[in-house]
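S.K.: Take a look at this one; I'll ask things after.
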Amino acid sequence: MSLRGPGGERSRWRWLRGLRARLALAISVILVAALGTAFVATYRGTGTQVRNQIDEDLRTDAQLVDSRLPLLRAKPGEIAEAAEEYLDERALFPLSARLFMVRIRGAGNISNLPDLSTAEGDPRLDRDVAGPRRESDESRALRTADLGFSTVRVNDEPLRLYFVQVTRGGRAVAEIGVGESAASVARAQSGVARTFLVAGTVTLLAAIALGFAFATRLSRPLRRMAGTAARVSAGDLSQRIGSTGPQDEVRVLADAFDRMLDRLENAFARQRGFVADASHELRTPLTVIRGQLEVLARQTDVTPDDVRHVDEVVRTEVVRMERLVEDLLLLARADEGELVRPAPLDLAPFVTELFDALTLTADRTFELSDVPPGRLLADEDRIAQVVRNLARNAVEHTGPGGLVRLTVRSLGQGRLEFALEDDGPGIPEEQRDRVFDRFHRTDTARARRTGGAGLGLAIARAIVEAHGGRIYADSSPEGGARVAFALPGFRAAGKRAAKEQAAKS
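First residue of the sequence shown: 1, per UniProt numbering; consecutive thereafter.
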């Protein structure tokens, strides 16, 4: 008794649904169609060629009979004598036909086949049989065949006939007919069929084997890709295909798949780091809140001052968590591409109002460069948020009275640069590429004092990149930090508009 279930049957035939089997099957179908077309063309062409050769031989035989047969010069009363001469001399004719017939008008037929002779006085007629002869359908078909070429069956064998009219003195006196077996047509076509059957079978089997081998080689990168995808799905994001074959479509697909895995691995690494850092940042205020509440709960003589102190600490930590959650939501929106809504804005009024607001935030020396007149296609609120984040970062890294400079300049080709410069300690060169990462801090102690989570510059980069721009860090002329970002979509004002803007300022 077999224990194989439906699943076993499916797995046994699963390879037939694979790419290799389908490619081999497709090659086989194409080859069968090509061989079939070639067979039909060769089969018919061979039959036509042999048949044309038979027709040409019959036409030549008819012309030879016409030139040599003395019967056509005899009178009707001399038919018997002419028939004897015909039969005696026929062996001397270099003919290929096996049937000869002369249908003489008004005198009957003369043929090398006795059943077809009807001429009166023919000595071969009724030689052994007394009484009237019975005519067969085959004889009737031979005697009544039309002029030109035709085919009849005699003794289950095809016979090709050719009858031509003979004229003497402008008058039709007889019809000469010759016939030859057409079995050679069938024999030639049968030979073609046997040859194609043997050669086609060998060719088809070889094509299936070669097609399967070719499909196996072609699908090898795809199988590696499937295995890699399975291991990636299991959690191993370090897997790669690493195709080294020719630069064909499969290689292009494998390389694109590897690049996708690179981005996927990096994205997962950033996500894991982001989740870990976010958990850590949220754990700190929650721990503080929990500790304060536990201390308050253990005290037996709680005073109003104790309650106010715990209330202040809890409120501070709640505000910190709210700010952290808002920043995380903002970064999530940036990842989804829903962060900015650009609209044209007048650059000079926008920068002036923003700078005036910055000067009220801290006891620092703020400076503003000349602002080029023009319009910028950007999200006004988000660009203001970037400038405020950079300014807050500059304020945190400078002491009272320190320098914070905002410069705005055109870079040409429709690009505009905002830069915040300070005279603080600056950013170490090895950290300039990392300062825009989420939760990155150059000074952990200062971040703890200010309550920062290390998301300000990350948010700034997300907003700038959402505008199609670029953000970067460098050193200021004073030795401090210079953080700048360049945006596309700037359209400088004309000379007249620039003069009007200068007059207003």
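Beta carbons are placed, not taken as given, at the ideal position from N, Cα and C, and that holds for glycine.
Here the structure is a predicted model, which is why all the values come from computation and not from measurement.
For Glu-101, count neighbouring Cβ atoms within 10 angstroms of its own Cβ and tell me buried if that reaches 16, exposed if not.
M.R.: According to the sequence provided, residue 101 is Met. The question's Glu does not apply to it. Buried: at least 16 other Cβ atoms inside 10 Å.
S.K.: Tell me which residues share the same chain as Leu-147 and place their Cβ nearer than 8 Å to its Cβ, disregarding the 5 neighbours each side in the sequence.
M.R.: For Leu-147, where only same-chain residues beyond five positions count, the Cβ hits under 8 Å are Phe-163, Val-164, Gln-165, Glu-175.
S.K.: Considering only residues of the same chain and omitting the five flanking positions on each side of Ser-238, which have a CB-CB separation below 8 Å?
M.R.: Here the set comprises Glu-265.
S.K.: Identify every residue that forms a DSSP beta bridge with Ile-27.
M.R.: In DSSP, Ile-27 forms no bridge with anything.
S.K.: Whole angstroms is fine: what's the gap from Thr-398's alpha carbon to Thr-300's?
M.R.: Near 45 Å, if we compare the C-alpha coordinates of Thr-300 and Thr-398.
S.K.: Specify the secondary structure class of residue 551 as computed by DSSP and reduced to three states.
M.R.: The first residue shown for the chain is 1 and the last is 505, placing residue 551 beyond what the model contains.
S.K.: I'd like to check one pair, Leu-161 with Ala-186: are the Cβ atoms closer than 7 Å?
M.R.: No, Cβ-Cβ distance for Ala-186 and Leu-161 is not below 7 Å.
S.K.: Hey, out of Ile-383, Leu-142, Ala-207, whose CA is closest to Pro-344's CA?
M.R.: Checking every option, the nearest Cα to that of Pro-344 belongs to Ile-383.
S.K.: Out of Glu-380, Ile-463, Gly-480, which one is the CA nearest neighbour of Phe-350?
M.R.: Nearest option by C-alpha distance: Glu-380.
S.K.: Judging by CA-CA distance, which residue of Tyr-43, Ser-476, Asp-370 is the nearest neighbour of Glu-429?
M.R.: That would be Ser-476, whose Cα lies nearest to the Cα of Glu-429.
S.K.: Could you round the C-beta distance between residue 516 and Ala-213 to whole angstroms and report it? I think they count as a contact, below 8 Å.
M.R.: This structure cannot speak to residue 516, because the chain is shown only from 1 to 505.
S.K.: Rounded to a whole number of angstroms, what is the C-alpha to C-alpha distance between Ala-466 and Val-252?
M.R.: Each residue's alpha carbon lies about 29 Å from the other.
S.K.: Measuring alpha carbon to alpha carbon, tell me which of Asp-356, Arg-409, Asp-346, Ala-462 ends up nearest Val-435.
M.R.: Out of Asp-356, Arg-409, Asp-346, Ala-462, Ala-462 has the C-alpha closest to the C-alpha of Val-435.
S.K.: Which residue comes first and which comes last in the alpha helix (DSSP H) that contains Ser-190?
M.R.: Its alpha helix (DSSP H) spans residues 183 to 233.
S.K.: How is Ala-149 classed by DSSP in three states: helix, strand or coil?
M.R.: Checking the sequence shown, residue 149 turns out to be Phe, not Ala. Three-state result, Phe-149: strand.
S.K.: Alpha carbons only, please: which of Asp-437, Ala-21, Arg-194, Ala-486 is nearest the one belonging to Ala-209?
M.R.: The shortest C-alpha separation from Ala-209 is found at Ala-21.
S.K.: For Thr-151, which residues from the same chain have a beta carbon less than 8 Å from its beta carbon, with the 5 sequence-adjacent residues on both sides left out?
M.R.: Excluding residues within five positions, the ones whose Cβ falls inside 8 Å are Pro-158, Leu-159, Arg-160, Leu-161, Ala-182.
S.K.: Restricting to Cα atoms, I'd like to know which of Asn-109, Glu-281, Arg-308 is closest to Leu-293.
M.R.: Leu-293 has its Cα closest to that of Arg-308, out of Asn-109, Glu-281, Arg-308.
S.K.: Can you tell me where the beta strand (DSSP E) with Val-408 in it begins and where it stops?
M.R.: Val-408 -> beta strand (DSSP E) spans 403 to 412.
S.K.: Which residues bound the alpha helix (DSSP H) around Asp-356?
M.R.: Residues 347 to 358.
S.K.: Excluding five sequence neighbours on each side, which residues of the same chain lie with their C-beta closer than 8 Å to the C-beta of residue 511?
M.R.: Lying before the first or after the last residue shown, residue 511 is absent from the chain, which here runs from 1 to 505.
S.K.: Pick from Ala-24, Leu-416, Ala-460: whose alpha carbon is nearest that of Phe-218?
M.R.: Residue 218 is actually Leu in this sequence, not Phe. Per the Cα distances, Ala-24.
S.K.: When DSSP labels each residue in this structure, what does Leu-420 get in the three-state scheme?
M.R.: The answer is strand: DSSP assigns Leu-420 an E or B state.
S.K.: Have a look at Gly-191, Phe-355, Glu-367, Val-386 and flag the residue whose alpha-carbon is nearest the alpha-carbon of Leu-330.
M.R.: The shortest Cα separation from Leu-330 among Gly-191, Phe-355, Glu-367, Val-386 belongs to Val-386.
S.K.: For Arg-156, does the three-state DSSP call read helix, strand or coil?
M.R.: The displayed chain sequence assigns Asp, not Arg, to residue 156. Correct three-state label for Asp-156: coil.
S.K.: List the DSSP bridge partners of residue 525.
M.R.: A query on residue 525 cannot be resolved here, the shown segment of the chain reaching from 1 to 505 and no further.
S.K.: Sorted by chain position, which residues of the same chain lie with C-beta nearer than 7 Å to Thr-60's C-beta, five sequence neighbours on each side aside?
M.R.: Cβ neighbours of Thr-60 beyond the five flanking positions: none.
S.K.: Would you decide whether Glu-338 is buried or exposed? Buried here means 16 or more other CB atoms lie within 10 Å of its CB.
M.R.: That one is exposed.
S.K.: Of the residues Asp-311, Leu-142, Phe-196, which one's Cα is nearest the Cα of Val-178?
M.R.: Answer by Cα proximity: Leu-142.
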